[in-house]
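Notes follow once the structure below has been shown.
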């Protein structure tokens, strides 16, 4: 077995077995990763080589390295870095993996002061779908963190390093208080020596999501002991303290992932993924969502980030303006998409007819709202953005326009709105 001296430099630029070793991609505590080219298939690949020094220091490291590699190879998923082969070349034990051109999510976070909310959530949806595939097979990742989420230039995220580091370093702490894992992402129970599992994976997702959204960790301390205490005892911070545009639904997800008691978290990434998919559907870009809804209608509209005004063309040459807006959520509440159209100014003589009309409406309601400082009757409907589809908006815009025009015509006989 070759020694650690001169490793990895002695591999660079060499052809070893089926692989031409081109460059060093990265290193960790247990292995080095090289960019290589498969000289038979003529494709790039990543070769992860077990550090020779670890072989001499930890007797079972090879068995664990290979056993975990085979387990990870059983996971075939579009958002998991594929493992193609395991073996030994010139006494170097290696794993051949899919090469993912791009960078890690950790690098993206470091390079950009603030990643777009939708972009961050898309990366986590993809990586959580990968983690869910592992959890369905009874596997835990054991080292989920942004450094292990690889992002291609086309925006595809792939989860790497399934359980290798944690398997090879099963002891959470040594006598001198140092940790062999990644302390910032460790669940409270791991600091106490409990084994990593699917619920500690969920906790790591929560820390990672919080970090990707805000650029800071939820718990910070200068010492390992202090960090362990913080994870165990400190209240979970609200990420909106550091970034204002985070929806309440996302805050709720991070809070449940970071629950101190494992039983209070999502029980696995399958449950977490389901909730993230629900929330993601409500986080679509608002103008894009509404534009899609209005695409098949005969309308003219103006738009901004939070308000779209559509002018519906109705029968007999009449028209009606419909306002579609997204309302900021209060703490613990979901954002609403509010659809309304102004009918007429308030007049006491209109109240009886307005109430009678309101009682006949199958959807929405007639309400009173200040418009330019004056009270008006408005036709109103609303939806939770988390569950709203373009078809809901399309149907509601048509109904609100029709009903508002009917009210305006009934109350005033005009077509001013």
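Residue numbers (the UniProt record's numbering): 1 to 417.
Note that beta-carbon positions come from the ideal geometry of N, C-alpha and C, so glycine has one too.
Status (buried if at least 16 other CB within 10 Å, exposed otherwise) for residue 351: As a first step, residue 351 is located in the chain shown; it is residue number 351 there, counting from the start. Exposed, since its Cβ has fewer than 16 Cβ neighbours within 10 Å.
Contact under 8 angstroms by Cβ, residue 205 with residue 158: Within the chain shown, the letter at position 205 stands for residue 205. Within the chain shown, the letter at position 158 stands for residue 158. No, the pair does not count as a contact, with Cβ atoms beyond the cut-off.
Run of the alpha helix (DSSP H) containing residue 25, from where it starts to where it stops: By 1-based counting over the chain shown, the position of residue 25 is 25. Residue 25 -> not in any alpha helix (DSSP H); beta strand (DSSP E) instead, spanning 19–27.
Residue interval of the beta strand (DSSP E) (run including residue 188): Walking along the chain shown from the start, residue 188 turns up at place 188. No beta strand (DSSP E) contains residue 188, which is instead part of the alpha helix (DSSP H) from 188–191.
Cβ-Cβ separation, residue 36 to residue 45 (assumed contact under 8 angstroms), whole Å: Along the chain shown, read from residue 1 onward, the residue named residue 45 stands at position 45. Along the chain shown, read from residue 1 onward, the residue named residue 36 stands at position 36. Yes, residue 45 and residue 36 are in contact; Cβ-Cβ is about 5 angstroms, under 8 angstroms.
Sequence ranges, alpha helix (DSSP H) only - wholly within the segment 114–169, length at least 4: 117–136, 164–168
Exposure label - residue 59; buried when at least 16 CB within 10 Å: The count along the chain shown starts at 1 and reaches residue 59 at position 59. With fewer than 16 other Cβ atoms within 10 Å, it is exposed.
Residue environment, residue 365, which counts as buried when at least 16 other CB atoms sit within 10 Å: Locating residue 365 in the chain shown gives position 365, where the first residue counts as 1. It is exposed - the Cβ of residue 365 has fewer than 16 other Cβ atoms within 10 Å.
C-beta contact flag for residue 400 and residue 381 at 8 angstroms: As a working mapping, residue 400 is identified with position 400 in the chain shown. As a working mapping, residue 381 is identified with position 381 in the chain shown. Result yes, Cβ atoms of residue 400 and residue 381 sit closer than 8 angstroms.
Whole-angstrom distance between residue 13 and residue 75, CA atom to CA atom: As a position in the chain shown, residue 75 is number 75, starting the count at 1. As a position in the chain shown, residue 13 is number 13, starting the count at 1. If I take the Cα positions, the gap works out to 31 angstroms.
Under 8 angstroms between C-beta atoms of residue 251 and residue 265: For this step, residue 251 is matched to residue 251 along the chain shown. For this step, residue 265 is matched to residue 265 along the chain shown. Taking 8 angstroms as the Cβ cut-off, residue 251 and residue 265 do not qualify as a contacting pair.
Segment contact flag, the segment 191–207 with the segment 134–144, C-beta cutoff 8 angstroms, min 3 pairs: yes
Residue span of the alpha helix (DSSP H) that contains residue 224, given as start and end: Counting from one through the chain shown, the residue named residue 224 turns up at place 224. 224–233 is the extent of the alpha helix (DSSP H) around residue 224.
Cut-off 6 angstroms between Cβ atoms - residues of its own chain near residue 323, not counting five sequence neighbours on either side: Position 323 of the chain shown, counted from the first residue, corresponds to residue 323. 309, 340.
Neighbourhood of residue 147 by C-beta, 6 angstroms cutoff - its chain only, sequence neighbours within 5 removed: In the chain shown, counting from the first residue as 1, residue 147 sits at position 147. Here the set comprises 104, 106.
Reference residue 102, options 110, 188, 150, 292, closest by Cα: The sequence position of residue 102 within the chain shown is 102, counting from 1. Checking every option, the nearest Cα to that of residue 102 belongs to 150.
Among 353, 19, 48, nearest to residue 41 - alpha-carbon criterion: As a first step, residue 41 is located in the chain shown; it is residue number 41 there, counting from the start. Closest by alpha carbon: 19.
Beta-carbon spacing of residue 160, residue 197 below 8 angstroms: Residue mapping note: residue 160 aligns to position 160 of the chain shown, counting from 1. Residue mapping note: residue 197 aligns to position 197 of the chain shown, counting from 1. No, Cβ-Cβ distance for residue 160 and residue 197 is not below 8 angstroms.
Nearest residue (CA-CA) to residue 65, options 85, 77, 78: Counted from its first residue, the chain shown places residue 65 at position 65. Of the listed residues, the one whose Cα sits closest to residue 65 is 85.
First and last residue of the uninterrupted alpha helix (DSSP H) at residue 87: For the purposes of this step, residue 87 is taken as the residue at position 87 of the chain shown. That residue, residue 87, is in no alpha helix (DSSP H); its beta strand (DSSP E) goes 83–89.
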